[in-house]
């Protein structure tokens with residue numbers, strides 16, 4: 024009795040791509056970091072072109088946004104950097120009249136910062152650019168796909184936060 028050879032199915036392109044990657048680069052976290060880095064690099068180029076801002080400067084302008092004045096320490100916390108790291112960028116934004124500084128009337132030891140009129144215009148350009156980039160990125164997904172993706176991202180974020188907390192306790 025002759026036996027037909029079993030039909031071999033070729034792996035999907037995505038599976039073939041994963042097989043060719045080094046094990047660490049095939050991991051979800053590595054793939055998400057690649058995506059995040061590509062998005063960040065594109066954003067930096069766009070905001071440099073639209074508003075003449077470096078990556079640190081656009082982070083400061085975005086964090087200041089349309090909020091009331093805030094202390095430099097609070098701003099540093101908002102962007103995840105220390106006060107010293109942002110001081111040069113903040114000085115440059117003040118010199119370019121994008122940020123206004125004032126002494127806190129309640130505590131003259133503290134400096135408050137906020138966006139000037141020109142800074143608000145730069146902020147609005149950043150927001151418009153971010154909305155356009157977001158629209159372009161997500162236009163290929165249907166409503167249901169987007170809802171599933173956002174739910175999965177939320178769940179992964181919760182797990183990643185728990186993993187970070189676990190690592191902090193293991194110091």
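In our numbering, the protein residues as written are 24 to 194.
The C-beta atom is built at its ideal place from N, Cα and C for all residues, glycine as well.
Margin query: Taking the beta carbon of residue 155 as the centre, do at least 16 other beta carbons fall within 10 Å, making it buried, or is it exposed?
Written below: Residue 155 comes out exposed.
Next item on the list: Taking 8 angstroms as the cut-off, decide whether the C-beta atoms of residue 69 and residue 146 are in contact.
Entry: Cβ distance not < 8 angstroms, so residue 69 and residue 146 don't count as in contact.
Next item on the list: Just confirm the distance between the C-beta atoms of residue 48 and residue 95, as a whole number of angstroms; I'd bet it's less than 8 angstroms.
Entry: Between residue 95 and residue 48 the Cβ distance is about 39 angstroms, and since that is not below 8 angstroms, they are no contact.
Item checked: Backbone CA spacing between residue 5 and residue 157 [nearest angstrom] -> There is simply no residue 5 to check, as the chain begins at 24 and stops at 194 in what is shown.
Notebook entry, point to check: Taking the alpha carbon of residue 99 as the point to measure from, which residue in 92, 110 and 91 has its own alpha carbon closest?
Noted result: Ranking the options by Cα distance to residue 99, first place goes to 110.
Checklist line | Residues near residue 125 in its chain [Cβ-Cβ closer than 6 angstroms; skip 5 each side] | finding: If the five residues before and after residue 125 are omitted, its C-beta is found closer than 6 angstroms to the C-beta atoms of 135, all from its own chain and listed in chain order.
Checklist line | C-alpha gap between residue 81 and residue 118, whole angstroms | finding: Annotation: residue 81 to residue 118 spans about 15 angstroms, alpha carbon to alpha carbon.
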